[in-house]
Every structure is written in structure tokens, then in C-alpha cells.
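A.B. asks: Below: one structure in C-alpha cells.
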Ligand SMILES: Cc1cc2nc3c(=O)[nH]c(=O)nc-3n(C[C@H](O)[C@H](O)[C@H](O)COP(=O)(O)OP(=O)(O)OC[C@H]3O[C@@H](n4cnc5c(N)ncnc54)[C@H](O)[C@@H]3O)c2cc1C
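Residue numbers (my numbering): 129 to 437.
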């Protein structure tokens, strides 16, 4: 690949996002002897994890902040550079890309978008404290095991929470659905109810007493939960990829090929921003796949320069 950009400011790969996906990509790229710059807004979902117990290699669990610290140290060990930045635009620049945050710009031969997603959360000042102590949980696949046999609430739109309630019913006999609207809920909710999940009156009030969350209906019924899961959807930065020419699905997700490349050659997307299964191990695996393809697309550089035969 060649580019019109000044070669001194050109890096092989800019990774946008410094969560588990982006940090793994940076480690792989360093070990492929490729120059890599990570531009990161610094708000990884993993920072919210009080303790992860399904992360491979940590049988006694690991806090999200500690995991990120280790992953960043590993990427730096293999030469990755980091800049704090929120990328606003990615566009083609010759055969490469020009990235900008509105004030600064960077040039790269390839770009890996690893910008994750942001959960939509209840509008309450106590949300961060409740996540921190495990009263509010944001990922049932991650930590339903820890909620086993506790009193569990599932909060969100009636059409979405039934399936989550059914999933959690395998872990506890006391599971409640707390709909934010008075819709019928569909087959998933009926199946959950048949399995013994109870539905409380919609549109109630959520509270947090410093240890546990509760839900109070309009009729004054209050249920206190050991674990409350809000499922309210999420925001992503997929629009940045779309503006660069990538195709999005009807659901707004970035469409990628088997190697995580978007429809724009050289522009990749990995981790929560692209995955349906929002997990660290998925983000890590996608980073390995994408970077191996990126390495193959970049010019071959023989060690010590070309050999005279
Ligand atoms: C409470 C909680 C508990 C969880 N527990 C687990 C668990 O136990 N096990 C598990 O596997 N998963 C768990 N997860 C999910 C896990 O955190 C995510 O799957 C993982 O963080 C995804 O990694 P990522 O790198 O794709 O995205 P992120 O970790 O979200 O990182 C994205 C990064 O990109 C940055 N960014 C975003 N936009 C831009 C931009 N425009 N320019 C520059 N940077 C940008 C963000 O600031 C962030 O630093 C949990 C999540 C939560 C919220």
C-alpha cells in the first residue's frame, strides 16, 4: 500500500479505542513488527467491571481496571503508542486513511475500529455506585453465575426483557420482570412467565439504598433485589465507520467479513462495536483475527532489508 501522506507521520495501523479489543490488537501488531498508534477516549466498558470471573486465565477473578492495566502494559511492551483522543472522522487518504478529532489528525495505512459501546442506563445519580457493588449488573452472560439463588430483577422494554428473564430463571427461582412500558411482551415473556418468572406492574420507580436496588409499583408494592439487570439498549460509534464508507445492517451494526474487515479495504471493526456477543474473549479473538489479516495486507518487510542474491 502507498499513501499521499507524509511518511514520517504515517503509521501502519491506527487502532481507535483502548479497551480489551484495541489493546489486544495493539499487542499483536507490535509482535508483527508493525507501527501502531492507539487513539483512546478512555471510557472502556471494562472499567465498570467490579470483578470478572469468566475471563480466561484469572481463576480468582480480575477487576476490569486491573485487566485493562495489564493489557495496556503488554501492548506498550511491544511498542504501541497511545494518545488520548476522541476520533470524530475517518476518511480515505490515497490508499490509506486520515483520522481526525476535529483539532488533530493522524494518517494510517489501515484502521481498526475498536470503540465498543455505551450502555443506556437508568437515569439516576446512584447508577455507578450500584454497578460498583454488584447491585446493578449489566451483563447476564458475564455474571449470572454470581447472582445464583439471589432475588433478581430484569428492567427494560416489555418486548426485550422476557428472554433475559428466562435466561436468568436457570440461576434462580426468584426472577422478576420490571417492564418500562405496558406492552404485552410477546412469546418470550409468556415463556418466562410459564417458567415461573413474575411480572410486576410496569412503569414503577427504581431506588438504591447503598447496597441493593428496589422497584416500587404505582400500587405501592416494593420488591428489593440482590441483583438488578437493566436491559435498555446501547449507543455505538458505528456511524464513524458508516461515514467512512462501511455498510451497516438494518440494526445499525457494522457489517464485516470473516476477518473483521468492513466493506472498505483496510478498515476493520472488532469488539463490542461489531459483535453481537459482547464479551472480552470475543473482543480478544476478533483482534487476533483482524490483525493477522492487516499484517498480510501491509507491505512485506524483510529483516535487515533486501538480500542481494
Ligand atoms: C458491568 C460490566 C460487567 C462486565 N463483565 C464482563 C465479564 O465479566 N466478562 C466479559 O467477558 N465481559 C464483561 N463485560 C463486557 C466487556 O466489558 C466488554 O465486552 C468489553 O469491554 C468490550 O471491549 P471493547 O474493547 O470492544 O470495548 P470497550 O472496552 O468499551 O473499549 C472501547 C474503547 O474505545 C473508546 N472510544 C469510543 N469511541 C471512541 C472514539 N470515537 N475515539 C477514540 N476512542 C473511542 C472508549 O472510550 C473505550 O476506551 C462487562 C461489561 C460491563 C459494563
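The C-beta atom is built at its ideal place from N, Cα and C for all residues, glycine as well.
For ligand 1, is there a heavy atom less than 6 Å away from the beta-carbon of residue 419?
C.D. replies: no
A.B. asks: Comparing alpha-carbon positions, which option in 217, 286, 227 lies nearest residue 310?
C.D. replies: 286
A.B. asks: Mind checking whether the beta-carbon of residue 399 lies closer than 6 Å to any heavy atom of ligand 3?
C.D. replies: Ligand 3 is not part of this structure, which contains only ligand 1.
A.B. asks: If you check the beta carbons only, do residue 278 and residue 342 fall under 7 Å apart?
C.D. replies: no
A.B. asks: Hey, would you say the C-beta of residue 198 is under 6 Å away from at least one heavy atom of ligand 1?
C.D. replies: no
A.B. asks: Measuring CA to CA, which of 252, 238, 152 is closest to residue 141?
C.D. replies: Shortest Cα-Cα distance from residue 141 to any of 252, 238, 152 involves 238.
A.B. asks: List the DSSP bridge partners of residue 304.
C.D. replies: For residue 304, the beta-bridge partners assigned by DSSP are 281, 326.
A.B. asks: So is the beta-carbon of residue 171 under 6 Å away from any non-hydrogen atom of ligand 1?
C.D. replies: yes
A.B. asks: Take every Cβ of the stretch 243-253, pair it with every Cβ of the stretch 383-390, and state whether three or more of those distances are shorter than 8 Å.
C.D. replies: no
A.B. asks: Expressed to the nearest angstrom, what Euclidean distance is found between the alpha-carbon atoms of residue 419 and residue 161?
C.D. replies: So the alpha carbons of these two residues sit roughly 12 Å apart.
A.B. asks: For residue 217, which three-state DSSP category applies?
C.D. replies: strand
A.B. asks: Sorted by chain position, which residues of the same chain lie with C-beta nearer than 6 Å to residue 151's C-beta, five sequence neighbours on each side aside?
C.D. replies: Counting only Cβ-Cβ distances below 6 Å, and skipping sequence neighbours, we find 199, 200, 203.
A.B. asks: What are the boundary residues of the beta strand (DSSP E) that residue 358 is part of?
C.D. replies: 355-358
A.B. asks: Give every residue of the same chain whose Cβ lies closer than 8 Å to the Cβ of residue 134, excluding the five residues on either side of it in the sequence, and list them in chain order.
C.D. replies: With a pLDDT of 41 at residue 134, under the threshold of 50, the modelled position of that residue is not reliable, and the figure given next carries that caveat. Counting only Cβ-Cβ distances below 8 Å, and skipping sequence neighbours, we find 235.
A.B. asks: Nearest CA to the CA of residue 293: which residue from 263, 324, 274?
C.D. replies: 324
A.B. asks: Closer than 7 Å by C-beta to residue 377: which residues in its own chain qualify, once you throw out the five before and the five after it? Chain order, please.
C.D. replies: 383
A.B. asks: Just list the alpha helix (DSSP H) runs in the stretch 239-282, keeping only unbroken ones of 4 residues or longer that don't cross its boundaries, in chain order.
C.D. replies: 255-260, 268-271
A.B. asks: What is the DSSP secondary structure of residue 180, counted as helix, strand or coil?
C.D. replies: Here residue 180 sits in strand by DSSP.
A.B. asks: How many Å lie between residue 205 and residue 424 at the Cα?
C.D. replies: So the two alpha carbons sit approximately 22 Å from each other.
A.B. asks: Could you please give me the residues that DSSP links to residue 165 through a beta bridge?
C.D. replies: Residue 165 pairs with 142, 209.
A.B. asks: For residue 131, which residues in the same chain have their Cβ closer than 7 Å to its Cβ, ignoring the five residues on either side in sequence?
C.D. replies: With a pLDDT of 37 at residue 131, under the threshold of 50, the modelled position of that residue is not reliable, and the figure given next carries that caveat. Excluding positions up to five away in sequence, the list reads 138, 221, 222, 223, 224, 235, 237.
A.B. asks: Can you find the residues in the same chain that come closer than 8 Å, C-beta to C-beta, to residue 412, ignoring five residues on each side of it along the sequence?
C.D. replies: 148, 149, 152
A.B. asks: Given this structure, state the Cα-to-Cα distance separating residue 314 from residue 290, to the nearest angstrom.
C.D. replies: 8 Å
A.B. asks: Do you know offhand how far residue 146's Cα is from residue 188's?
C.D. replies: 24 Å
A.B. asks: For residue 164, count neighbouring C-beta atoms within 10 Å of its own C-beta (all shown protein chains included) and say buried if the count is 16 or more, exposed if not.
C.D. replies: It is buried - the Cβ of residue 164 has at least 16 other Cβ atoms within 10 Å.
A.B. asks: Report yes if the C-beta of residue 219 is less than 6 Å from at least one heavy atom of ligand 1; otherwise report no.
C.D. replies: no
A.B. asks: Would you check whether ligand 1 has a heavy atom nearer than 6 Å to the C-beta of residue 267?
C.D. replies: Between ligand 1 and residue 267, a heavy atom-to-CB distance of less than 6 Å is present.
A.B. asks: Using 8 Å as the Cβ pair cut-off and three pairs as the minimum, do the stretch 258-266 and the stretch 392-404 touch?
C.D. replies: no
A.B. asks: Please check the pair residue 184 and residue 283, which I expect to be a contact at CB under 8 Å, by giving their CB distance rounded to whole angstroms.
C.D. replies: With a Cβ gap of about 30 Å, residue 184 and residue 283 do not count as contacting.
A.B. asks: So, residue 336 versus residue 216, is the Cβ gap smaller than 7 Å?
C.D. replies: no
A.B. asks: Since residue 408 and residue 180 should fall inside the 8 Å C-beta cutoff, what is the C-beta to C-beta distance between them, to a whole number of angstroms?
C.D. replies: Confirmed, about 7 Å.
A.B. asks: Excluding the 5 residues flanking residue 389 on each side, which residues of the same chain have their C-beta closer than 6 Å to its C-beta?
C.D. replies: 396
A.B. asks: Report yes if the CB atom of residue 125 is closer than 7 Å to the CB atom of residue 174, and no otherwise.
C.D. replies: Any property of residue 125 remains undetermined from this structure, which presents the chain solely from 129 to 437.
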